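Numbering (our numbering), first residue to last: 1278 to 1567.
All C-beta atoms in this analysis are idealised placements derived from N, C-alpha and C, irrespective of residue type, glycine included.
All values reported here derive from a predicted model rather than from experimental measurement.
The structure appears right after this line, and notes come after that.
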């Protein structure tokens, strides 16, 4: 077996492992990426994998110092060290490949790292604008970078991508509240918590579920503001950047699910919704109606 063949097998195995990681950790974006052309799908998987790898660091460490060291390693590896073709880290190699191939600004990767740093430091949003800015740093930045790959030099699509990514990040954080533990407070504005007469200690008590639903409703209403229609985008560009626009479909799908459950995320069963979601994405893609 020649060296080139061995390298090809290794890269294929790495990609399969990354795909499994993305499917398990960011299923909705994994589904959206599946509607891109096969030639670009690998590149989207690199981006999504980077985002999840970085944002999971605060949950994986027991001490904030360890998390800060890991995030600094990523920052130095991306921006300060000399790039090499293969580093041994498949996510870093994939991101370096994308940065060399596309006009993806370093600020997008820096913003995702900053988002993780703020989570690590126990970020507490004082107002709704803080919640929105936090979501823009991660979800907005990620979807915008996907747009820069699928539809480069089209600023209107990049702007919509950032908005849709922000909306999905806001919505997904509400869906994930029951699983975030102590970090759940990082996604709820403090002024809204106090307005409902709650504290950080009792906000998730069952007796306060109606008050929590009021806060979630407010955040979802903000998410809706970041979901303008795709008017003015040609069918050709809609097809080029399908994963960008499918995120709008995904967000609206889950917003409707939250509404039907009175904004109680504990009542959502994501696994049972996935077949319906896949069908909805297929129809949206087929008719370019997002």
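Spatial neighbours of residue 1452 within its chain, please: C-beta separation below 8 Å, excluding the five flanking residues on both sides. The residues are 1531, 1535, 1542, 1545 and 1547.
For residue 1574, collect the residues of the same chain with a Cβ closer than 8 Å to its Cβ; drop the 5 residues on either side in sequence, then sort them by chain order. The chain is shown only over 1278 to 1567; residue 1574 falls outside these bounds and no answer can be derived.
Alpha-carbon to alpha-carbon, residue 1363 and residue 1314: Spanning the two alpha carbons is a distance of roughly 25 Å.
What distance in whole Å lies between the Cβ atoms of residue 1320 and residue 1527, which are believed to be in contact at a cut-off of 8 Å? In this structure residue 1527 is not in contact with residue 1320, their Cβ atoms being roughly 20 Å apart against a cut-off of 8 Å.
Apart from the five residues on each side of it in sequence, which residues of its chain come closer than 8 Å, Cβ to Cβ, to residue 1523? Sequence-distant partners of residue 1523 (beyond 5 residues in either direction) whose C-beta falls short of 8 Å from its own C-beta, in its chain, are 1308, 1309, 1312, 1558, 1561, 1562 and 1567.
By how many angstroms is the C-alpha of residue 1525 removed from the C-alpha of residue 1551? Between the alpha carbons of residue 1551 and residue 1525 lies a gap of roughly 16 Å.
Within a Cβ cutoff of 6 Å, which residues of the same chain sit near residue 1540, ignoring the five residues on either side of it in sequence? If we look at residue 1540 and ignore the five residues flanking it on each side, its Cβ neighbours are 1490, 1493 and 1494.
At 4 residues or longer, what runs of the alpha helix (DSSP H) sit wholly inside the stretch 1444 to 1502? The DSSP assignment places complete alpha helix (DSSP H) segments of no fewer than 4 residues inside the stretch 1444 to 1502 at 1467 to 1472 and 1486 to 1502, in order along the chain.
Can you name, in chain order, every residue of its own chain whose Cβ lies under 6 Å from the Cβ of residue 1408, other than the five neighbours on each side? Around residue 1408, the same chain offers 1402 and 1466 as residues with beta carbons nearer than 6 Å, after the five sequence neighbours per side are excluded.
With DSSP collapsed to three states, give me the class of residue 1377. In the three-state reduction of the DSSP assignment, residue 1377 falls in the helix class.
Can you look up residue 1510 in the DSSP assignment and give me helix, strand or coil? Three-state result, residue 1510: coil.
For residue 1511 and residue 1480, what's the separation of their Cα atoms in angstroms? CA-CA distance, residue 1511 to residue 1480, rounds to 45 Å.
Using a Cβ-Cβ cut-off of 6 Å (strictly less than) and excluding sequence neighbours within five positions of residue 1341, which residues of its own chain qualify? By the criterion of a C-beta distance shorter than 6 Å, residue 1341 is surrounded in its chain by 1397, once the five residues flanking it on both sides are discounted.
Sequence-distant residues of its chain with Cβ nearer than 8 Å to residue 1283 (five each side left out): Model confidence at residue 1283 stands at a pLDDT of 42, short of 50, so the residue's coordinates are unreliable; what they give is reported in the following sentence. Nothing meets the Cβ criterion.
The alpha helix (DSSP H) enclosing residue 1326, as first and last residue numbers: Run containing residue 1326: 1315 to 1332, per the alpha helix (DSSP H) assignment.
Given residue 1461 as reference, the closest of 1383, 1478, 1390 and 1413 once Cα atoms are compared: The candidate whose alpha carbon is nearest that of residue 1461 is 1478.
Three-state secondary structure (DSSP) of residue 1393: Of the three classes helix, strand and coil, the one that applies to residue 1393 here is helix, per DSSP.
Go to residue 1344, then tell me how far its alpha helix (DSSP H) extends in each direction, as first and last residue. Segment 1341 to 1356, the alpha helix (DSSP H) holding residue 1344.
In whole angstroms, what separates the C-alpha of residue 1497 from that of residue 1476? Roughly 21 Å separates the two Cα atoms.
Just verifying my parser: in three-state terms, what is the DSSP assignment at residue 1300? When DSSP states are grouped into helix, strand and coil, residue 1300 belongs to the helix group.
Enumerate in chain order the residues of its own chain whose CB-to-CB distance from residue 1533 is below 7 Å, with the five nearest sequence positions on each side excluded. Around residue 1533: no qualifying Cβ.
Reference residue 1356, options 1373, 1368, 1335 and 1482, closest by Cα: Of the listed residues, the one whose Cα sits closest to residue 1356 is 1373.
For residue 1350, count neighbouring C-beta atoms within 10 Å of its own C-beta (all shown protein chains included) and say buried if the count is 16 or more, exposed if not. Answer is exposed; the Cβ neighbour count stays below 16.
Does the Cβ of residue 1517 have 16 or more other Cβ atoms within 10 Å, making it buried, or fewer, making it exposed? Residue environment: residue 1517 is assigned as buried (16 or more neighbouring CB atoms within 10 Å of its CB, all protein chains considered).
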